[in-house]
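Numbering (my numbering), first residue to last: 19 to 309.
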């Protein structure tokens, strides 16, 4: 069940970069990156109030702030800024290092101990993505936007690992809901300033649909399944399902945005997919995490 829930989360997240790419030209990177957290935060507040969910204990609240910094603010903002300069298909492959980064954070923070075979598979996926970034960048070098994408990866890895710990205590949907609500004192004024400074362009059906998707599904509903899966089956193992995400995102970028998928991107995504199958079957010890 944990792997099934994680896979549902991955399917939801696989549309995120194409939806972000569709929204950015009209709404701008800052509005898309932070404004979607405001919309999702409002939905989360309604759900928490309707269900009369009690405020988490203080130690969990501190962890929720880390979750908010990673997946509510960091990842959405950095990816939105990066996709102003590179296609969603490139972002999909670079973000393919996220499973390895998440497994590393889970190992350092929460007592999970992946086997050597697991790390070999994860390293293979990471190496594939790095080589893709190096050899397909402008003039044979990685592009500046790749740095923003890697910052997004680091933020999401921390947010996913920490969220997996929190969701094992209070539940998956409660984790993302409280993280969104706790972030509102920051996301609301930042999004407001971004709207005043940058404004928005002429809305199109694609840009509005993209903004709705990243706000409701990527930022809110997708995490219901994702965090529940992390809590049930372990952060390191479930995170490796995200190695399938680049392949799915490449498909959606081509179908929805009309992006041409290069041979290098297709080969890189296929190679990464092979490594997820190896990582999925590798043993992972789950030691008791710190309280």
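Ideal Cβ positions, reconstructed from N, Cα and C, are used throughout, including at glycine. Quantities reported herein were computed from a predicted structural model and do not represent experimental measurements.
Check your understanding: With respect to 7 Å, is the separation between the Cβ of residue 113 and the closest non-hydrogen atom of the ligand ATP below this value?
Key -> By its list of ligands, the structure shown contains no ligand whatsoever, and the ligand ATP lies outside what it can speak to.
Check your understanding: Grouping DSSP H, G and I as helix and E and B as strand, with all else coil, what is residue 131?
Key -> As a working mapping, residue 131 is identified with position 113 in the chain shown. Here residue 131 carries a strand assignment [DSSP, helix/strand/coil].
Check your understanding: Roughly how far, in whole angstroms, is the beta-carbon of residue 76 from the beta-carbon of residue 180, given that I think they are within contact range, below 8 Å?
Key -> In the chain shown, the residue the question calls residue 76 occupies position 58. In the chain shown, the residue the question calls residue 180 occupies position 162. Not quite, the Cβ-Cβ distance comes to about 16 Å (not below 8 Å), so this is no contact.
Exercise for review: Check the C-beta distance from residue 56 over to residue 209 and give it rounded, since I have them as a contact under 8 Å.
Suggested key: In the chain shown, the residue the question calls residue 56 occupies position 38. In the chain shown, the residue the question calls residue 209 occupies position 191. At roughly 5 Å, the Cβ-Cβ gap stays under 8 Å, so residue 56 and residue 209 are in contact.
Check your understanding: Tell me which same chain residues have a C-beta within less than 6 Å of the C-beta of residue 289, skipping the five on either side of it?
Key -> Position 271 of the chain shown holds residue 289. Correct list, in chain order: 146.
Review point. Could you give the residue range of the alpha helix (DSSP H) that holds residue 258?
Key: Locating residue 258 in the chain shown gives position 240, counting from the first residue. Unbroken run through residue 258: none, as it is neither H nor E.
Exercise for review: In the DSSP assignment, find the alpha helix (DSSP H) that holds residue 81 and state where it starts and stops.
Suggested key: Position 63 of the chain shown, counting from 1, holds the residue named residue 81. First-last of the alpha helix (DSSP H) with residue 81: 76 to 85.
Check your understanding: Which residue comes first and which comes last in the alpha helix (DSSP H) that contains residue 162?
Key -> Counting from 1 along the chain shown, the entry for residue 162 is found at position 144. Run containing residue 162: 162 to 188, per the alpha helix (DSSP H) assignment.
Practice item. Have a look at residue 271 and residue 85 and give me their C-alpha separation to the nearest angstrom. Key: Within the chain shown, the letter at position 253 stands for residue 271. Within the chain shown, the letter at position 67 stands for residue 85. The straight-line gap from Cα to Cα measures roughly 28 Å.
Practice item. Could you tell me whether the segment 103 to 114 touches the segment 261 to 279, using the rule of 3 or more Cβ pairs below 8 Å? Key: Remark: three or more beta-carbon pairs, one from each stretch, lie closer than 8 Å, so the segment 103 to 114 and the segment 261 to 279 are flagged as touching.
Exercise for review: Could you please give the first and the last residue of the uninterrupted alpha helix (DSSP H) stretch that includes residue 71?
Suggested key: To locate residue 71, count along the chain shown from 1; it is residue 53. No alpha helix (DSSP H) holds residue 71; DSSP gives it neither H nor E.
Check your understanding: DSSP on residue 293, reduced to helix/strand/coil?
Key -> Mapped onto the chain shown, residue 293 falls at position 275. In this structure, DSSP gives residue 293 a helical state, which the three-state scheme calls helix.
Review point. Taking contact to mean at least 3 C-beta pairs separated by less than 8 Å, is the segment 231 to 239 in contact with the segment 258 to 274?
Key: Cβ pair count under 8 Å is below three, so no.
Point to revise | Three-state secondary structure assigned by DSSP to residue 234 | key: Counted from its first residue, the chain shown places residue 234 at position 216. Taken through DSSP and simplified to helix, strand or coil, residue 234 comes out as helix.
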